[in-house]
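Residue numbers (the numbering used here): -7 to 65. Notes for the one structure printed next.
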């Protein structure tokens, strides 16, 4: 068997293994039941105190580059 044939066989085996791994992951993920969240997880999800407004995030992102540019001058 030549080296190119051997490389071709190895490539085909890798592809088959990748497909098999993908199928196994799909089967496992499909069969895993969703667990109930812990009480502290529920509290964190329901807590509005810790939520950040999207406009505040945008403002901080816009301000940061302007501050960095002001130091360069």
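Beta carbons are placed, not taken as given, at the ideal position from N, Cα and C, and that holds for glycine.
Query, Result
"Three-state secondary structure (DSSP) at residue 12?", "helix"
"Distance, Cα to Cα, residue 55 vs residue 43?", "20 Å"
"Could you tell me which of 50, 38 and 23 sits nearest to residue 30, measuring between CA atoms?", "38"
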